[in-house]
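Peer 1: Numbering that gives the first Met the number 0 puts the first residue of the sequence shown at 0, with every later residue one more than the last.
Positions of the beta carbon are idealized from the N, C-alpha and C atoms, including for glycine.
Sharing a structure with you now.
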Amino acid sequence: MPKKTFFHLSKDKQDTLIQCAKREFSRVPLHEASIANIIKDAGISRGSFYQYFEEKEDLYYYLLNQSSQKNSERFIAALKENNGDIFEAFIDSFQFMIQNHTNQEHKNFFRNAFLNMNYKTEKTFTKNIYEENRDNHLLPIIGLMNTETLNIQGERELQHILKIIIAVTFDNLIQIFVKDLTYEEALKNYGEQMELLKRGFKKIQ
Numbered sequence: 000m001p002k003k004t005f006f007h008l009s010k011d012k013q014d015t016l017i018q019c020a021k022r023e024f025s026r027v028p029l030h031e032a033s034i035a036n037i038i039k040d041a042g043i044s045r046g047s048f049y050q051y052f053e054e055k056e057d058l059y060y061y062l063l064n065q066s067s068q069k070n071s072e073r074f075i076a077a078l079k080e081n082n083g084d085i086f087e088a089f090i091d092s093f094q095f096m097i098q099n100h101t102n103q104e105h106k107n108f109f110r111n112a113f114l115n116m117n118y119k120t121e122k123t124f125t126k127n128i129y130e131e132n133r134d135n136h137l138l139p140i141i142g143l144m145n146t147e148t149l150n151i152q153g154e155r156e157l158q159h160i161l162k163i164i165i166a167v168t169f170d171n172l173i174q175i176f177v178k179d180l181t182y183e184e185a186l187k188n189y190g191e192q193m194e195l196l197k198r199g200f201k202k203i204q
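The structure is reproduced here in structure tokens:
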């Protein structure tokens with residue numbers, strides 16, 4: 000996360016630094032990214048950079064967290080729009096995540112993120128949708144989900160379903176970049192897999 004001094008900057012200066020960082024992280028993965036390139040692009044000194052962030056990793060995960068928050072907001076909206084249907088909500092969210100890939104910089108940023116995925120990256124992406132507290136209870140977002148149609152017994156089984164759907168979602172996002180899938184191909188594959196999950200997890204009417 001940024002240091003407090005970052006938030007003392009004007010919004011324009013914050014946005015400039017963030018955009019320059021995104022450009023660098025779109026060019027190369029995190030481990031190859033250069034602070035020198037970011038500060039040169041942003042027109043700030045290295046000393047100023049370290050007043051705002053401890054390391055490039057803090058800046059990188061701040062960017063990912065911002066994206067995660069947007070995805071979470073879209074997921075919540077999708078749950079409400081689909082009357083708590085988690086399958087339709089995930090499909091809507093998947094569409095939301097991939098529709099911006101027409102922007103090459105945006106696409107490259109996430110290509111580098113997903114093709115160099117680690118535990119921390121995955122946790123950053125999912126923490127606003129799936130997170131447990133000390134008592135292993137899910138976030139209040141669960142209250143928006145319609146569990147009446149699901150073939151589950153209790154919250155623990157709901158946790159397992161969410162973990163499975165999230166794993167499938169991440170695999171599909173990775174496949175977009177590995178196989179260079181079109182928007183239509185990616186959506187078709189994801190829709191087919193979600194349909195299979197529905198058959199297994201939904202109650203038989």
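(1) From which residue to which residue does the alpha helix (DSSP H) around ILE163 run?
(2) Skipping 5 residues on each side, what residues in its chain have a beta carbon closer than 6 Å to that of ASN81?
(3) When burial is assigned at 16 or more other CB atoms within 10 Å of the CB, is MET116 buried or exposed?
(4) Can you say whether PHE6 is buried or exposed, counting buried as having 16 or more other CB atoms within 10 angstroms of its CB?
(5) Using alpha carbons as the reference points, say which of GLN13, GLY142 and ALA185 lies closest to LEU62.
(6) Considering only residues of the same chain and omitting the five flanking positions on each side of SER67, which have a CB-CB separation below 7 Å?
(7) Apart from the five residues just before and just after PHE176, which ones in its own chain have a Cβ nearer than 7 Å to its Cβ?
(8) May I have the straight-line CA-CA distance separating LEU8 from ALA32, to the nearest angstrom?
(9) In whole angstroms, what separates the C-alpha of GLY153 from that of ASN99?
(10) Per DSSP, LEU149 is paired with what?
Peer 2: Straight from the coordinates:
(1) 154 to 177
(2) GLU87 and ALA88
(3) exposed
(4) exposed
(5) Distances from the alpha-carbon of LEU62 to those of GLN13, GLY142 and ALA185 put GLN13 closest.
(6) THR123, PHE124, LYS126 and ASN127, listed in sequence order.
(7) ARG110, PHE113 and LEU114
(8) 23 Å
(9) 36 Å
(10) LYS201
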